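In our numbering, the protein residues as written are 8 to 416. Just so it is clear, CB atoms sit at the ideal spot from N, CA and C, and this is done for glycine as well. No experiment lies behind these values; they were computed from the predicted model shown.
Set out below in C-alpha cells:
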C-alpha cells in the first residue's frame, strides 16, 4: 500500500513537499498507519490545490493512483480500530496531534541538549515541521462541528482560527531553531553541565518541598513508626507476690498521691496553744555543752557533737600523710606558689596571612573558585544522599575531595 519513490514522476521528484511526505508515509506505514494515511492525504491535497496533476500524463496517473490508495485505506475493514479512527475526524486529529507534538517536544529537547550532532538535530526539526503541518488538513474547512478544538488542547484553542494560529506558532518555533542550527548559533552543552542542571533542579524541588511544610503541623507517632504513649498501670494489674518484698505499701497518703509525713515530726504532739495544728519537733534530749550526752533511742534527731580539737591545741601532728595540710593558727604558711613552675613565655605566632599583590591575585581568585566548586559538589552529594543515591553521592564527594587536595597542596 506504499508508494515507492521510484514511482514518483520526474516532475515531482524535485518538489520539496511531495517527496518528504511520501517518504514519511512509507516510514510510518507499519508503525503508525493513521499518520501515514494523512501524509498521503496531505500530498494529494497539495497536488490538487496547486493543479500539479495537469503537468503531464505521469503526474495525473500518480495522482489518481494516490487517490485510489487513500480511499481503499479508509474503506478497508481489515483493521476495525484503524477504520474507526480514519472515519472519525475527532479521533484522527487526536492521533495526528499527539504524534506531531511528541516529535516537536523531542526536537526541542535535543536543542537544549545539543551535543554537536548537527545532521540528527536538523532532521528531527524538519520532521517535526512536517508532522505539525499535517494538522492544517483539519482546519481548511473552517469550524468543523465534528472536531472539538477546545477539548483537543485543553481549552487553549476553542475555535478553528485559534487552533490554526497555535499550530503556525509551533511551526515557526521549529523553523527558528532550524535556522539557528544552520547558522551555528546553538551552544553546545556538555554532559557535566547537563548533570549539574539536573542536580540543581532536583535540589530546588527538595527545598520547595521543605518550605511547604508548616511549623505548626503535628506529626503523629504512627507516622514516625514510634511506640504509643504508655498508659498508667494499675497496681492490681502488676500481680506481684506479696511475700517477695516488692509489694507496694498501702496507705491513705499513697491513695491520695500525697508525700509521707516526715519521721521527725511527733505524731502524738498536742495542738499549739494558738489553735494551729502545726506539729513541730520536740526539744533535744541532751545539753549542748555536754560532750558525753547521749541521744535517746526513740529520737531520730542527729546533731553533731562538740569539736575534739580547740583552736589553742597543737594541730601540727594531724594529717601529716594527707594531701591537705593543717596549719596551726598564727604560723606562717609556706607559699605553694613556689612549686608551680613559671609559665612559659608566649612565643609570637607566625602569621600565615598573605599580602595581596598583582602576582598572587589570580591565585587567590582561582582558589576561591575552587572552594565554590567544592561546596557545589558537597551540596550535590547531600542531595543524592537524601534520595539514597549512594553512587552519585560518592562521585560528588570524590570530585570535591580531589579539588580540595589540589588547592591544599
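Taking the alpha-carbon positions, what's the residue i to residue j distance?
i: residue 128; j: residue 138; result: 16 Å
i: residue 211; j: residue 79; result: 55 Å
i: residue 67; j: residue 55; result: 10 Å
i: residue 26; j: residue 150; result: 30 Å
i: residue 37; j: residue 130; result: 21 Å
i: residue 176; j: residue 373; result: 46 Å
i: residue 422; j: residue 140; result: Since the first and last residues shown for the chain are 8 and 416, residue 422 lies out of range.
i: residue 395; j: residue 39; result: 40 Å
i: residue 231; j: residue 217; result: In this predicted model, residue 231 has a pLDDT of only 48, less than 50, meaning its place in the structure is not dependable; the value taken from the coordinates is given anyway. Those two C-alpha atoms are separated by around 17 Å.
i: residue 142; j: residue 172; result: 11 Å
i: residue 147; j: residue 31; result: 22 Å
i: residue 446; j: residue 114; result: Within the shown structure, residues of the chain are numbered from 8 to 416, placing residue 446 beyond reach of any answer.
i: residue 61; j: residue 93; result: 29 Å
i: residue 85; j: residue 71; result: 23 Å
i: residue 162; j: residue 35; result: 30 Å
i: residue 397; j: residue 123; result: 32 Å
i: residue 87; j: residue 57; result: 34 Å
i: residue 370; j: residue 215; result: 37 Å
i: residue 3; j: residue 152; result: For residue 3 there is no data in the structure shown, the boundaries of the chain being 8 and 416.
Pop quiz: residue i and residue j are said to be a contact at Cβ under 8 Å. What is the actual Cβ separation, rounded to whole angstroms?
i: residue 178; j: residue 99; result: Incorrect: roughly 20 Å between the Cβ atoms, too far for contact.
i: residue 73; j: residue 50; result: 7 Å
i: residue 18; j: residue 64; result: Actually they are not in contact, since the Cβ atoms of residue 18 and residue 64 sit about 10 Å apart, beyond 8 Å.
i: residue 77; j: residue 44; result: 7 Å
i: residue 159; j: residue 104; result: 6 Å
i: residue 96; j: residue 154; result: 5 Å
i: residue 28; j: residue 46; result: 5 Å
Cutting at 7 Å between CB atoms, please list the residues of its own chain near residue i, excluding the five before and the five after it.
i: residue 187; result: 193
i: residue 106; result: 39, 42 and 138
So the candidates are the options; which of them puts its Cα closest to the Cα of residue i?
i: residue 132; options: 143, 149, 150 and 110; result: 110
i: residue 59; options: 90, 88, 78 and 21; result: 21
i: residue 112; options: 135, 95, 44 and 90; result: 135
i: residue 206; options: 14, 409, 385 and 95; result: 385
i: residue 23; options: 53, 380 and 196; result: 53
i: residue 406; options: 215, 185 and 382; result: 382
i: residue 119; options: 88, 396, 185 and 35; result: 185
i: residue 190; options: 125, 92 and 375; result: 125
i: residue 209; options: 397, 393 and 412; result: 393
i: residue 144; options: 161, 86 and 174; result: 174
i: residue 116; options: 412, 87, 31 and 196; result: 196
Who are the near neighbours of residue i in its chain, counting only those whose CB is closer than 8 Å to its CB and skipping five residues on each side?
i: residue 250; result: Note that residue 250 scores 49 on pLDDT, short of 50, meaning its location in the model is unreliable; the coordinates nonetheless yield the value given after this. Answer for residue 250: no residue qualifies.
i: residue 156; result: 164, 165, 166, 167, 169 and 170
i: residue 380; result: 407 and 410
i: residue 345; result: With a pLDDT of only 46 at residue 345, under 50, the local geometry of the prediction cannot be trusted, and no value is derived from it.
i: residue 4; result: The shown model of the chain, from 8 to 416, leaves out residue 4, and the question about it has no answer.
i: residue 213; result: 390 and 393
i: residue 183; result: none
i: residue 83; result: 89 and 90
i: residue 81; result: 44, 90, 93 and 94
Whose C-beta lies closer than 6 Å to the C-beta of residue i among residues of the same chain, with five residues either side of it excluded?
i: residue 391; result: 399 and 400
i: residue 377; result: 410 and 414
i: residue 181; result: 132, 135 and 136
i: residue 388; result: 400, 403 and 404
i: residue 428; result: In the structure displayed, the chain extends from 8 to 416; residue 428 sits before or after that span and is not available.
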